[in-house]
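Be aware that the sequence shown starts at 4, since it is given in my numbering, and climbs by one per residue.
All remarks here apply to the structure that follows.
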Amino acid sequence: MPADQSHPFATFPAAPGKGVNGLRPYYTPGLFNDNYTPVITNDTSTVTGNAGGPVVPYYANEHYDLIDSRAAARELVNFTVLKFITTAISCPFEVSKTLLQVQYMPHEDMEVVAGDSETRKQSSHDEDPYHEQHEGQGTNWFYEIMHLFLQPTLEGTLNDVFDLYDDTIPLVHLDRVGPNLATLVGSNLIVGFLLSPLELIRTRLIVQSRSPLHRKYKGPLDALRTILAEEGGLRGLYFNHNALPTVLYHTIVPLLQNITPLIIDRVFHISANDSPFLYSLAELGLNTLEILITLPLDTIRKRMQCQIRTRTPGRKRFSPVVALRPVPYRGVIDACYRIVKEEGGRRKKKQQQSRHMFTGWGLRGLYQGFGMQFTSNVVLFVMHAINGVDGKF
Numbered sequence: 004m005p006a007d008q009s010h011p012f013a014t015f016p017a018a019p020g021k022g023v024n025g026l027r028p029y030y031t032p033g034l035f036n037d038n039y040t041p042v043i044t045n046d047t048s049t050v051t052g053n054a055g056g057p058v059v060p061y062y063a064n065e066h067y068d069l070i071d072s073r074a075a076a077r078e079l080v081n082f083t084v085l086k087f088i089t090t091a092i093s094c095p096f097e098v099s100k101t102l103l104q105v106q107y108m109p110h111e112d113m114e115v116v117a118g119d120s121e122t123r124k125q126s127s128h129d130e131d132p133y134h135e136q137h138e139g140q141g142t143n144w145f146y147e148i149m150h151l152f153l154q155p156t157l158e159g160t161l162n163d164v165f166d167l168y169d170d171t172i173p174l175v176h177l178d179r180v181g182p183n184l185a186t187l188v189g190s191n192l193i194v195g196f197l198l199s200p201l202e203l204i205r206t207r208l209i210v211q212s213r214s215p216l217h218r219k220y221k222g223p224l225d226a227l228r229t230i231l232a233e234e235g236g237l238r239g240l241y242f243n244h245n246a247l248p249t250v251l252y253h254t255i256v257p258l259l260q261n262i263t264p265l266i267i268d269r270v271f272h273i274s275a276n277d278s279p280f281l282y283s284l285a286e287l288g289l290n291t292l293e294i295l296i297t298l299p300l301d302t303i304r305k306r307m308q309c310q311i312r313t314r315t316p317g318r319k320r321f322s323p324v325v326a327l328r329p330v331p332y333r334g335v336i337d338a339c340y341r342i343v344k345e346e347g348g349r350r351k352k353k354q355q356q357s358r359h360m361f362t363g364w365g366l367r368g369l370y371q372g373f374g375m376q377f378t379s380n381v382v383l384f385v386m387h388a389i390n391g392v393d394g395k396f
């Protein structure tokens, strides 16, 4: 196409011809598609299109609404199925980790705690403590689905109430992260507390005996009915000895998880795009620190979930598949103290003749399952590092 000498760099006619717009030379009048929004005139019953004739607005087409509804429903079904599959894959690891955390393993020099010893003896009647690796899978899947739907909804509502930025914007891109971080942690705390009965049921289903003669709960619904009947109804279900560990856990965990990118970006000044390996390495270090902080709290929380302070006698006692402490813990501080004192590291032979107050104390009991979580973080670090190297070529 010859260019006008006065406009040597023009790639379209400088003067519009017939049927040609000078600003949009390749636009053909009369075509109405999704790229051009119709203009609504003063008459609300008429919508003027590009050709000047009345057309039906795109948002009023019920066919498109039906297609969008079907697509959304299909995506929802695919998401729930995928979540169920991932939960089934990770469930054996979660079961093994839970059994390691709740198992009472006093060191060799610790005297047996006075109390009912039937709880300790019951574990020997089970042939395979890890037989049913998918125990509690349905409860865990339902908990994950409910949390994924309720938490973002509540967070968005809180942001609207306090007139904050959209919750879809990452915290790293905000100048003031305090208010948005508060609504994020608050929504996780509220939803986690509301769904805490599901965590209680999941833990007890995992820990209870597999034997039909000693099995207390037949399933999630039966566990819920039994707990409500024997442990004081809804008040005993929520505001029991496990309330404080639940509040602490669902406050600290989301706080640490969401400030990790902020620390890497604003304290370490590492960008995931510029230095993917260093970013993954820093993320690995902070995730390991998160495990060191939250794993003891999670261990105490799960041990206290296994404590049944029955107010109404039931037909069966709670018989665990692993040994539990015969005497229940009185609280978070007492549980931490007892675990450190009774389940610390073993004493060496050279120290047997010199006993002192802190003999046998250690952190081994608080960090059962640490290797499993740390290994998963290392695997994720290696995968991210490989992806970062591949992206450079």
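C-beta: ideal position from N, C-alpha, C; glycine also.
| query | result |
| --- | --- |
| Spatial distance of Leu231 from Val250 (CA atoms) | 21 Å |
| Neighbour-count burial assignment, Ile296, 16 or more Cβ in a 10 Å radius | exposed |
| Distance CB(Asn183)-CB(Leu192) smaller than 9 Å | no |
| Pairwise C-alpha distance: Asn243 and Leu227 | 15 Å |
| Coarse secondary structure for Pro323, derived from DSSP in three states | strand |
| C-beta atoms of Glu234 and Ile311 nearer than 9 Å | yes |
| Arg419 and Phe96 closer than 9 Å at C-beta | Because residue 419 is not part of the residues shown, which for the chain are 4 to 396, the question remains open. |
| Candidates Ile262, Phe196, Ala185, of which the one nearest Phe165 by Cα | Ala185 |
| Gln104 in three-state terms, based on DSSP | helix |
| Whole-Å CB distance - Cys309 paired with Leu327, under 8 Å assumed | 6 Å |
| Enclosing alpha helix (DSSP H) for Arg205 [first to last residue] | 199 to 210 |
| Within 9 Å, strictly: CB atoms of Thr229 and Trp144 | no |
| Of the residues Gly159, Arg238, Ile209, the one placed nearest Phe196, counting alpha carbons only | Arg238 |
| Minimum C-alpha distance to Leu300 - residue among Val84, Phe373, Gly189 | Phe373 |
| Same chain only: Cβ atoms within 6 Å of Tyr107, ignoring 5 sequence neighbours per side | Ala326, Leu327, Arg328 |
| Cys339 - DSSP class collapsed to helix/strand/coil | helix |
| Neighbour-count burial assignment, Pro257, 16 or more Cβ in a 10 Å radius | buried |
| Residue from Pro248, Val324, Ile262, Pro323 whose Cα sits closest to the Cα of Arg304 | Pro248 |
| Per-residue DSSP class, three states only, for Asp163 | helix |
| Element boundaries [alpha helix (DSSP H), containing Gly236] | 236 to 241 |
| Identity of the residue in Lys86, Glu111, Cys94 nearest Phe152 by Cα | Lys86 |
| Best match in Pro279, Glu111, Arg367 for proximity to Thr302 [C-alpha to C-alpha] | Arg367 |
| Contacts around Ala281, its chain only, beta-carbon distance under 6 Å, and the 5 residues preceding and following it disregarded | A small fix is needed here, since residue 281 is Leu in this sequence, not Ala. The residues are Ile273. |
| Cys94, DSSP secondary structure in three states | helix |
| Residues near Gln140 by beta carbon distance below 8 Å, same chain, minus five either side | Thr90, Ala91, Cys94 |
| Proximity winner among Asp337, Leu216, Phe377, relative to Pro323 (alpha-carbon distances) | Leu216 |
| Burial state of Gly118, where buried means 16 or more other Cβ atoms lie within 10 Å | With a pLDDT of 46 at Gly118, under the threshold of 50, the modelled position of that residue is not reliable, and no figure is offered here. |
| Gly334 versus Met149 - alpha carbon distance | 29 Å |
| Beta-carbon spacing of Tyr241, Arg205 below 9 Å | no |
| Identity of the residue in Val175, Ile255, Leu187 nearest Thr156 by Cα | Leu187 |
| As assigned by DSSP and simplified to three states, the class of Ile303 | helix |
| Thr263 - containing alpha helix (DSSP H), residue span | 246 to 265 |
| Simplified DSSP assignment, three categories, for Asn276 | coil |
| Cutoff 6 Å; reference Phe384; Cβ partners in own chain excluding five residues on either side | Ser283, Leu287 |
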